[in-house]
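Only one structure is covered here, and it is reproduced in the block below.
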Amino acid sequence: MGCGRVINYKKEDFKALLKKEYPKGVDIVFESVGGSFFITCLNSIEKTHGHYPIPFLGWAIKDRLIVFGSVSTYSAESGMSGYKVDTLKLWVSLSLIIFIYMVPNMKKLVQSSQQNELKIQMDTMGLDKGIVSVVDGVEYLHTGQNNGKVLVPLVSMIKGSKI
Numbered sequence: 004m005g006c007g008r009v010i011n012y013k014k015e016d017f018k019a020l021l022k023k024e025y026p027k028g029v030d031i032v033f034e035s036v037g038g039s040f041f042i043t044c045l046n047s048i049e050k051t052h053g054h055y056p057i058p059f060l061g062w063a064i065k066d067r068l069i070v071f072g073s074v075s076t077y078s079a080e081s082g083m084s085g086y087k088v089d090t091l092k093l094w095v096s097l098s099l100i101i102f103i104y105m106v107p108n109m110k111k112l113v114q115s116s117q118q119n120e121l122k123i124q125m126d127t128m129g130l131d132k133g134i135v136s137v138v139d140g141v142e143y144l145h146t147g148q149n150n151g152k153v154l155v156p157l158v159s160m161i162k163g164s165k166i
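Put into structure tokens, the structure is as follows:
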């Protein structure tokens with residue numbers, strides 16, 4: 004995948020690992036958990052490039068934090084409010100670059116999967132009721148019990164269904 008390290012936050016001590024293996028910080032973070040992990044990622048961005056557009060966070064201009072969601076806060080009553088970050092000011096302060104990564108790399112991902120270089124895990128939770136199972140799938144995702152990506156088959160498995 005071209006990254007230096009993947010961290011499984013459910014099996015490894017996230018903060019301790021960052022502090023030990025990357026004492027100067029990291030250049031790129033792909034973050035989708037949110038909450039306290041978001042704050043840890045903000046604080047782990049390397050601070051050696053000399054420019055800090057958000058001084059209290061110590062961000063360097065050339066570094067990137069790619070936020071792909073905030074799954075730990077979707078169902079939390081407080082959301083991000085328990086953390087000392089004004090998210091709106093954070094987004095306004097940054098220049099956002101939006102790009103589509105998946106499309107140009109889809110062929111490579113499919114080939115890697117077909118050649119067993121990339122292992123894809125899907126957790127269907129035994130659901131086969133189509134779109135009516137989406138709510139159950141989202142709630143299951145928020146429990147953190149899934150093994151791999153949660154997949155809710157939208158095409159009904161019911162014999163003879165055209166949906």
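Read in order, the letters of the sequence shown correspond to residues 4 to 166 in the numbering used here.
Glycine included, every Cβ here is placed at the ideal spot set by N, Cα and C.
Taking only the alpha-carbon atoms, compute the straight-line gap between residue i and residue j and give it to the nearest angstrom.
i, j, result
"Ala19", "Lys132", "42 Å"
"Ile123", "Met109", "14 Å"
"Lys13", "Gln117", "28 Å"
"Lys23", "Gly38", "22 Å"
"Gly85", "Gln114", "Reliability fails at Gly85, whose pLDDT of 45 lies under 50, so the model's placement of it is uncertain and the value that follows must be treated cautiously. Using only the alpha carbons, I get a separation of about 43 Å."
"Leu121", "Tyr25", "26 Å"
"Glu15", "Gly151", "17 Å"
"Phe40", "Val153", "21 Å"
"Asn172", "Val36", "Nothing about residue 172 can be reported from this structure: the residues present for the chain run from 4 to 166 only."
Leaving out five residues before and five after residue i in sequence, what residues of the same chain have Cβ atoms less than 7 Å from its Cβ?
i, result
"Asn149", "Asp126 and Tyr143"
"Ile10", "Phe17 and Leu20"
I need the DSSP call for residue i, collapsed to helix, strand or coil.
i, result
"Ile48", "strand"
"Val155", "coil"
"Glu142", "helix"
"Glu24", "helix"
"Ile123", "coil"
"Ile134", "helix"
"Ile31", "strand"
"Ile42", "helix"
"Lys92", "Confidence at Lys92 is low in this model, with a pLDDT of 49, below 50, so its placement is unreliable and no value can be given for it."
"Gln118", "coil"
"Val36", "coil"
"Val9", "coil"
"Asn150", "coil"
Are the Cβ atoms of residue i and residue j separated by less than 8 Å?
i, j, result
"Ile42", "Gly28", "no"
"Leu157", "Ile134", "yes"
Who are the near neighbours of residue i in its chain, counting only those whose CB is closer than 6 Å to its CB and skipping five residues on each side?
i, result
"Val137", "Val155"
"Arg8", "none"
Quick one: measure Cβ to Cβ for residue i and residue j, integer angstroms, because I've assumed they're closer than 8 Å.
i, j, result
"Gly140", "Met128", "7 Å"
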